[in-house]
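Chemist: Numbering (this note's numbering), first residue to last: 1204 to 1524.
Yeah, the Cβ is synthetic: ideal placement off N, Cα and C, and Gly gets one too.
Since the structure is predicted, the reported quantities are computational estimates derived from the model, not experimental observations.
Below: one structure in structure tokens.
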Ligand code: COA
């Protein structure tokens, strides 16, 4: 088959909601500051009993239902996560078991932090096109709030938990048109969780560190650049984009990216107000939101673009339906 095509989407957000006002009860912050700087109003937080794979499981079951496939039809699982259940095995292997899949097909994780879903989609797409798989479950799932220092107002207001999933199927018609991935490891100091398990203890900080201004500038530049690269590769222009589905880090980053690309605000999918930054889960959650709202029509061009710690970033162009 020449292409892979999205045939179903699913999403899951944990029941517990923490609003900006809730945070301001224990932190020197307020709803107005958070909303005007980030567009975020609330975030969902996983319960202590929920692992990342539990969030991924519900999103995956919903994606399978929308695709009309049974779990056993899946012959590839790629999970993008930076907050896995455990050091190993992969969250994808845990998810495979929780889905009851026992067909021996491949399941593995991709770790590219907030850009992880684009990396996972690109990997699954190429594996399908090369004939290695027919029906892939591509998941972004995170429990980012577990990496937050809830006394650091500069970072803890920004993130939330959630999972999004899609089913990608081999197809003669597009589908994923192309993906363009990039990394710049020398920028790893501006956003990271430096902690490491060593000798039975956590060595270095287990919390998110961020130079917010540096991240902001880098993000706006590369989100637009990689989208332009994807358009040029396919002989398309930004006017051809029906929907921009950017990583949901912050409404100011999304607005600036859309402006750079001359994409009008009404063509941008935005879920950040209700979900905050769910890292690798944000794009599949936004795709699921757009699909369920009936935004996307068959044949429409979707531009997906994400950036995150690494730094790592990329863009994919997708024909819907
Ligand atoms: N509530 C109230 N005040 C806060 C605050 C909060 N939650 N967080 C920071 N502040 C304060 C700072 O302490 C600082 O106070 P000071 O001037 O007294 O030192 C002031 O607000 C301005 O801080 P600054 O960091 O300059 O704010 P900013 O306008 O750059 O916005 C971010 C900060 C984090 C919102 C912005 O840099 C950003 O969006 N960066 C990108 C973050 C991101 O998306 N990361 C993930 C990418 S995948």
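With which residues is residue 1263 paired in a DSSP beta bridge?
Modeler: DSSP, once it has assigned bridges, lists no residue as partnering residue 1263.
Chemist: Less than 8 Å separating the Cβ of residue 1394 from some heavy atom of ligand 1?
Modeler: It does: the Cβ of residue 1394 is within 8 Å (strictly closer) of some heavy atom of ligand 1.
Chemist: Could you tell me how far apart the beta carbons of residue 1364 and residue 1452 are, in whole angstroms, since I believe they sit closer than 8 Å?
Modeler: The pair is not a contact, with the Cβ atoms about 15 Å apart (cut-off 8 Å).
Chemist: Who are the near neighbours of residue 1463 in its chain, counting only those whose CB is closer than 6 Å to its CB and skipping five residues on each side?
Modeler: Closer than 6 Å at Cβ, skipping near neighbours: 1427.
Chemist: Mind checking who residue 1550 pairs with in its DSSP beta bridge?
Modeler: Because residue 1550 is not part of the residues shown, which for the chain are 1204 to 1524, the question remains open.
Chemist: Check residue 1323 in the structure and name its three-state DSSP category.
Modeler: Residue 1323 falls in the helix class under three-state DSSP.
Chemist: What would DSSP say about residue 1465, mapped onto helix, strand or coil?
Modeler: Three-state DSSP puts residue 1465 in coil, outside helix and strand.
Chemist: Cutting at 7 Å between CB atoms, please list the residues of its own chain near residue 1419, excluding the five before and the five after it.
Modeler: Cβ within range, chain order: 1456.
Chemist: Measuring only between beta-carbons, confirm whether residue 1304 sits less than 9 Å from chain C.
Modeler: Note that chain C does not occur in the displayed structure, where there is just one protein chain.
Chemist: Could you give the residue range of the alpha helix (DSSP H) that holds residue 1418?
Modeler: Unbroken alpha helix (DSSP H) run through residue 1418: 1415-1436.
Chemist: Classify residue 1362: buried if its beta carbon has 16 or more other beta carbons within 10 angstroms, exposed otherwise.
Modeler: The residue is buried, with at least 16 neighbouring Cβ atoms inside 10 Å.
Chemist: Taking residue 1316 as the reference, which of 1410, 1509 and 1270 has the closest Cα?
Modeler: Selected option, being the one with the closest Cα: 1509.
Chemist: Since residue 1213 contacts residue 1491 with CB under 8 Å, what's their CB separation in whole angstroms?
Modeler: Correct: roughly 6 Å between the Cβ atoms.
Chemist: Run the CB neighbour count on residue 1246, radius 10 Å, all protein chains shown included, and call it buried at 16 or more, exposed below.
Modeler: Result: buried.
Chemist: With DSSP as the reference, label residue 1277 as helix, strand or coil.
Modeler: If DSSP states are grouped into helix, strand and coil, residue 1277 belongs with coil.
Chemist: Taking the continuous beta strand (DSSP E) assigned at residue 1405, which residues delimit it?
Modeler: That run of the beta strand (DSSP E) goes 1404-1406.
Chemist: Among 1447, 1216, 1255 and 1397, whose alpha-carbon lies nearest the alpha-carbon of residue 1471?
Modeler: The option with the nearest alpha carbon to residue 1471 is 1447.
Chemist: For residue 1333, tell me which candidate among 1375, 1367, 1319 and 1296 has the shortest Cα-Cα distance.
Modeler: Among 1375, 1367, 1319 and 1296, the Cα nearest to that of residue 1333 belongs to 1375.
Chemist: At which residues does the beta strand (DSSP E) containing residue 1287 begin and terminate?
Modeler: That residue, residue 1287, is in no beta strand (DSSP E); it is neither H nor E in DSSP.
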